[in-house]
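Enquirer: This is the structure, below, for whatever I ask next.
Numbering (the UniProt record's numbering), first residue to last: 1 to 290.
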């Protein structure tokens, strides 16, 4: 058990998780600007992008790069600085730190080192898009980015198709067409889908309709910008069929476990013994006809 009192005096510095605008710079909070000015260092996903933000708000705090390719090197360095009394703000390119960026690993390292972690509220693309989508806002399930390869992506969609919550995804505009086709194939052409493009920016738009309609729209449209995609929950989820083995002989049960679960005969015999509350030797003899 660990108790963190965020605003009491600490020997170490504090890690602040500072959200940044997802498009419109006016969504930056007064508190976020204040923290960025007060900390000793800013750990940024892309220092070039963050420099534009800092320049706009006249923040001259030094930066250090912190992204998915240098976490193993950076995390010990940042924790050492925090333990030495420096305070650090972690920012991503847009929105909340730790969401689809390596901030979570830094948070865990700080918690393990008893360094206080203080989150600031602010812009979040998924929830912002959700409340204007027209789909049920609660409960919702945030997924983030799906796998890129078709086989892996289809498998993920298969595992999600019976969820009853509204599902939220992030996607590249270059992969959106294929994703929409996969959604229509796996979840059904009539499943309701909402795409939010360029959220909070000048060309923000919502495209609402069935998976079939949006797949057709995507085929005829040059898609650009940041994409947040939401899929309606399944109103009639398929309930898993409860397995029953009561009508099978011992041999049939072993064969069923081997064919459907890919078990070896040895493992299938062991599992059958558990199911039937028998000794493994008895199942072995029955299966091999001894």
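Note that CB positions come from ideal geometry on N, CA and C, so glycine has one too.
Treat the numbers as computed from the prediction; the structure is a model and nothing was measured.
#1: Going by DSSP, name the residue or residues bridged to residue 168.
#2: Taking buried to mean at least 16 other C-beta atoms within 10 Å of its own C-beta, is residue 1 buried or exposed?
#3: Measure the alpha-carbon distance for residue 67 versus residue 94 and round it to whole angstroms.
#4: To which residues of the same chain is residue 193 closer than 6 Å at the C-beta, ignoring the five residues directly before and after it?
#5: Mind checking which residues open and close the alpha helix (DSSP H) that includes residue 127?
#6: Between the Cα of residue 63 and the Cα atoms of 97, 262, 42, 223, which residue gives the shortest distance?
#7: Drop a sphere of 10 angstroms on the beta-carbon of residue 166, count the other beta-carbons inside from all chains shown, and report buried for 16 or more, exposed for fewer.
#8: By Cβ distance below 6 Å, which residues in the same chain neighbour residue 102 in space, the five residues on each side in sequence not counted?
#9: Within a Cβ cutoff of 6 Å, which residues of the same chain sit near residue 180, ignoring the five residues on either side of it in sequence?
#10: Hey, residue 36 and residue 61 are a contact pair by Cβ (cut 8 Å); roughly how many whole angstroms apart?
#11: In the DSSP output, what is residue 196 paired with across the bridge?
#12: Report the three-state DSSP secondary structure of residue 63 (helix, strand or coil).
Expert: By the coordinates alone:
#1: Bridge partners of residue 168: 142, 230.
#2: exposed
#3: 13 Å
#4: 211, 214, 231
#5: 125–131 is the span of the alpha helix (DSSP H), which, as asked, contains residue 127.
#6: 42
#7: buried
#8: 68, 71
#9: 214, 215, 218
#10: 6 Å
#11: 206, 228
#12: DSSP, read as helix, strand or coil, puts residue 63 in strand.
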